[in-house]
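Chains A and B are the protein sequences, given in the same order. Just so you know, this note's numbering puts 956 at position 445 of the first sequence, and the rest follows in order with no gaps. Just so you know, this note's numbering puts 226 at position 216 of the second sequence, and the rest follows in order with no gaps. The block underneath contains the structure these notes are about, expressed in structure tokens.
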Amino acid sequence: MSKSIKVRGGIVLGCFLLSLISLAPTFFNESLPSWWQNAFDPIHLGLDLQGGMHLVLGVDAEKAVESRLDTIVDQSEGLLREQDVIFKRVDRRNGQRLTVTVYDEQAGGQVDGLMAENFPDLEAMTLSTEGGYIEKNYRLSDREVTRIKDYAVRQALETLRNRVDQFGVSEPTLQLQSGGRILIQLPGIKDPQRAIALLGKTARLEFMMVDEKVDPQQAVQGNIPAGSKLLYERRVDSRSGTVSEIPLVVKDKTVMTGDLLSDAQVRIDPRFNDPYVAMDFNAVGAKRFDQITAANVGKRMAIVLDDTVYSAPVIRERISGGSAQVSGSFTEQEATDLAIVLRAGSLPAPVEILEDRTVGPSLGLDSINRGRNSVLIGALAVLLAMGLYYRLSGVVANLALILNVFFVLAMLGMFKATLTLPGIGGIVLTIGMAVDANVLIFERIREELRIGKTARAALEAGYAKAFWTIIDANVTTLIAAVVLFQFGTGPVKGFAVTLSVGILASLFTAIFVSRLVFDFFLTRYDVKRLSI
Amino acid sequence: MELIKPDINLDFVGKRRMAVIFSAALILIGLVSLIAKGGPNYGIDFAGGTLVQVKFVEATTAKDIKVALKDLDLRGLTVQQFGDEPNEYLLRAQESSSKLEGLSQTIGGALDAVYGADQAEIRRVEMVGPQVGKDLRKKGLMAIFYAMIGILIYVTWRFEFRFAVGAILALLHDVVITLGIFSLSGKEIDLPIIAAFLAIIGYSLNDTIIVYDRIRENQGKHAKQGLEFLINRSINETLSRTILTSGTTLMVVLALFIFGGGVIHNFAFALLVGVLIGTFSSIFVASPLLIFWQNYRNRVKAKASA
């Protein structure tokens, strides 16, 4: 045997063994030693095959800018009052603006000075006169607006990541996409409805004092005094499970918000077996909670999450321990979810689902089985056709084809690519096209044999002449596949990957491996006639 | 075994006018259908909307499902049997739920209320908002566009510009006809279909390049007999390869079409049509285009010298 055959055989054998090692975890993961499982991942299945959820959320970053302006309105009111500036009111206006209305020029000057000093991000705009008042307009600088939006999106990503982590999904993916979009993939999720509810909760936790002076029934009819607002308390009947909403009037001013929490946990009340959420405050929060409860003993305090009252207990005594509980009426799962969102923090801005693709596990399994069947049936048909048409040489091509599919699967595993349903389609297409290179070579060999060349010379010429044709034909397909990868999303990307990998593998097996087999038999057995 | 005798010499090039009429007719029918239907029938990936695949325990009918969902008042609700299963259905609505409590949940609730709990299993939900749909559509078109540019550059570099033009026109031909057939059969264009289109481009090009390659190789040998003879000879010489490769590819795509299941059905259909059209175009369109190109050039030259 010549040295070149040994070297080439070694290369093929090496590739084969490497593929075998890397593919093993895909087929029998459990029985392998742990180092093996750690070194090589099984082929990663796309959400369309294993079931799961693919979500694209859009962050309404405008809302974050609005909240920032609201805060500035609050702060500037306080500031103007502190400095004894006489002003009529401070408003947030559309278009990232806020307006301070004053009575005279002098006050206007004071306002300008104070605003410039305390809010460097605000740009003074024109002033307008409105019914004898002077309106001083300010707006957030473009840079600040961009910063707030950017921050909102990134904070939303962080918050969502925390929530997903605590929800307990194995291998979730969260990615920031352009345009303030967040991609979330939750493989194998069992309860998509719950996931959506959990991810979408803004989770703004507020503590508000109940306005005892107003009769809720009156408020429902629209009689709400200024400085108060109407909310609904959610009550679930533990026996029938029906949800009822009870109107409750609270003072507009939030006494405390949930960002001062340090932890939240579900506990079970041993007396009634009811779940409740126990919250711990951080140092600032504990102090603030202490003050509030001290000042409001005997009054009711509403615990409000996203404008829904969860409970409104009466403050019996000053609470100084830095912890509190929400003992609304909820199921254990609801309590768990509430604890999760409280722990993970609130979203800086509301999010909206832009895209939702959910595949149930049963459909995924169905798709895998059907995909595998069509690969097997298609491959068998091709193997049969090649064997019939080219006889022994067809068997060589078939060997290359089987090796090709094997290499494709191994590369998918090694590159940590994702196998999707269109990806299986890509493998199927690869099988059909993989024999093309061998067909080209064999047809050339037949042509050479016809003009009377010896087996060895015909083989030589066949491979040489077909080589560039094969390269040209495959590179163009590769171009299409690479473009597809660049522009594709999800399953389509999976198709592009298998197609590209398939092309590379088929170039190797059809040109390199099949040649090796021919050379081996030609040297070893001194073949005079090719079976082709 | 040999399907094609080595000395075969079918007159493909002589039939090019018939082929052109055939292609033009297919393209025309497709375009008329596209215009009549107001553009391609975009699936929810591109148009936005919601798709829900439901499997019922008992067999039911589309009418009953529609009745069950009547109260939801969904815009453009269609209910369609999925595959051949009498108990599996695809529900589509044009609406994409902008609120977090998704439309699919509402649909699930309504079905539970009518059919009873655990009678309807929601197996798949796809909801695409209008903005995302628009982005995906743009990306899909860009992908086809850039793939063609890339191919044009490569073929120009490896062959000549006129070959590249022929190849690209043949590709456009394939994509337009497949699009037309999709429109005629009322099938929806979705993201995977764009992938299938690109695979068709790749496949058809593969075929075309192999004939071109033979033409280039034969250029010296048959210089005297003229371009038509040269092209015809080259097509015939590669014919057995064309038939064998197209045959194996067709076999596997057919396997995918028949056994691949409902989710991948349209994708396999696109590939099936594409392989057939692509094979036709590399024999009857891509190479004869070179002759049309040469004749046109000759006429221009004749005019200039006259």
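Quick reminder that beta carbons are idealized off the backbone N, C-alpha and C, glycines included. No experiment lies behind these values; they were computed from the predicted model shown.
(message) If the cut-off is 8 angstroms on Cβ atoms, which residues from the segment 957-973 of chain A count as contacting chain B, listed in chain order?
(response) ARG957, GLU958, ARG961
(message) Does LEU146(B) pass the burial test, meaning 16 or more other C-beta atoms within 10 Å, or should it be called exposed?
(response) buried
(request) Say whether chain A places a C-beta atom closer than 7 angstroms to the C-beta of PRO50(B). (result) no
(message) Counting C-beta neighbours from all protein chains within 10 Å, is the total for ARG881(A) 16 or more, i.e. buried, or is it exposed?
(response) buried
(message) Rounded to whole angstroms, what is the Cα-Cα separation between ARG579(A) and LEU568(A)?
(response) 22 angstroms
(request) Mind reading off the beta-carbon distance from SER114(B) to VAL62(B)? Whole number of angstroms is fine, and I expect it under 8 angstroms. (result) 5 angstroms
(message) So TYR900(A) contacts chain B; which residues on that side make the cut at Cβ distance below 7 angstroms?
(response) MET11, LEU254
(request) Given a cut-off of 7 angstroms, decide if ARG600(A) and LEU609(A) are closer than it, judged by their beta-carbon atoms. (result) no
(request) Below 6 angstroms CB to CB, which residues in the same chain sit around PRO703(A) once its five sequence neighbours on both sides are set aside? (result) MET564, THR869
(message) For SER545(A) and THR537(A), what's the separation of their Cα atoms in angstroms?
(response) 14 angstroms
(request) Measure the CB-CB distance between GLY973(A) and ILE956(A) and report whether it falls below 7 angstroms. (result) yes
(request) Inspect the CB distances between the segment 22-41 of chain B and the segment 251-271 of chain B and report whether three or more fall short of 8 angstroms. (result) no
(message) Using a Cβ-Cβ cutoff of 8 angstroms, what residues of the segment 587-601 of chain A are near chain B? List them in chain order.
(response) Flagged: no residues at all.
(message) Would ILE990(A) and ILE161(B) be called neighbours here (beta carbons separated by less than 7 angstroms)?
(response) yes
(request) State yes or no: is the C-beta of ILE241(B) nearer than 6 angstroms to some heavy atom of the ligand ATP? (result) Here there are no bound small molecules, and the ligand ATP is not part of this structure.
(message) Buried or exposed for VAL77(B), going by 16 or more other Cβ atoms inside 10 Å?
(response) exposed
(request) Under the assumption that PHE678(A) contacts ILE864(A) (Cβ atoms under 8 angstroms), give the Cβ distance between them as a whole number of angstroms. (result) The pair is not a contact, with the Cβ atoms about 16 angstroms apart (cut-off 8 angstroms).
(message) With a threshold of 8 angstroms, are at least 3 pairs of Cβ atoms found where one atom belongs to the segment 878-898 of chain A and the other to the segment 148-158 of chain B?
(response) no
(message) Buried or exposed, going by whether 16 or more other CB atoms sit within 10 Å of the CB of ALA549(A)?
(response) The sequence as given places Asn at residue 549(A); Ala does not occur at that position. Looking at its Cβ environment, which holds fewer than 16 other Cβ atoms inside 10 Å, ASN549(A) is exposed.
(request) Can you give me, in chain order, the residues of the segment 850-872 of chain A that have a beta carbon less than 7 angstroms from any beta carbon in chain B? (result) GLU863, ILE864, LEU865, GLU866, ASP867, ARG868, THR869, VAL870, GLY871
(request) Give the interface partners of LEU282(B) over in chain A, defined as CB-CB distance under 9 angstroms, in chain order. (result) The premise fails here: LEU282(B) is roughly 11 angstroms from chain A at the closest Cβ pair, so nothing lies under 9 angstroms.
(message) Out of PHE926(A), PHE917(A), THR612(A), which one is the CA nearest neighbour of PHE1019(A)?
(response) PHE917(A)
(request) Output, in chain order, the set of chain A residues within a Cβ distance shorter than 7 angstroms of PHE269(B). (result) Against chain A, the beta carbon of PHE269(B) has neighbours under 7 angstroms at ARG881, ASN884, SER885, ILE888, listed in chain order.
(request) Measure how close the beta-carbons of ALA860(A) and ALA575(A) come, nearest whole angstrom, since I'm counting them as under 8 angstroms. (result) 4 angstroms
(message) Strictly under 7 angstroms for the Cβ-Cβ distance: is THR259(B) near chain A by that measure?
(response) yes
(request) Examine chain B for any beta-carbon lying closer than 7 angstroms to the beta-carbon of VAL1012(A), and answer yes or no. (result) no
(request) Determine the extent of the alpha helix (DSSP H) in which GLY937(A) is found, giving its start and end residues. (result) GLY937(A) -> alpha helix (DSSP H) spans 932-961.
(request) Please name the residue in LEU920(A), PHE1023(A), THR1000(A) whose C-alpha comes closest to that of ILE532(A). (result) Of the listed residues, the one whose Cα sits closest to ILE532(A) is LEU920(A).
(message) Could you check whether the Cβ of ALA896(A) sits closer than 7 angstroms to any Cβ belonging to chain B?
(response) yes
(request) Could you work out which residues of chain A lie near SER250(B), taking near to mean beta carbons separated by less than 8 angstroms? (result) GLU954
(request) With a threshold of 16 other CB atoms inside 10 Å of the CB of GLN607(A), please say whether the residue is buried or exposed. (result) buried
(request) Return the chain-ordered ranges of every alpha helix (DSSP H) run that is complete within the segment 791-824 of chain A and spans a minimum of 4 residues. (result) 794-806
(message) Is it buried or exposed, ILE211(B), if we count other Cβ atoms within 10 angstroms and call 16 or more buried?
(response) Buried is the call here.
(request) Spatial neighbours of GLY520(A) within its chain, please: CB distance less than 8 angstroms, with the 5 preceding and 5 following residues excluded, ordered by chain position. (result) LEU1027, PHE1031
(message) Let's test the definition: count the other Cβ atoms within 10 Å of the Cβ of GLY796(A) and tell me whether it reaches 16, buried, or not, exposed.
(response) buried
(request) Let me know if SER195(B) comes out buried or exposed under the rule of 16 or more other beta-carbons within 10 Å of its beta-carbon. (result) It is exposed - the Cβ of SER195(B) has fewer than 16 other Cβ atoms within 10 Å.
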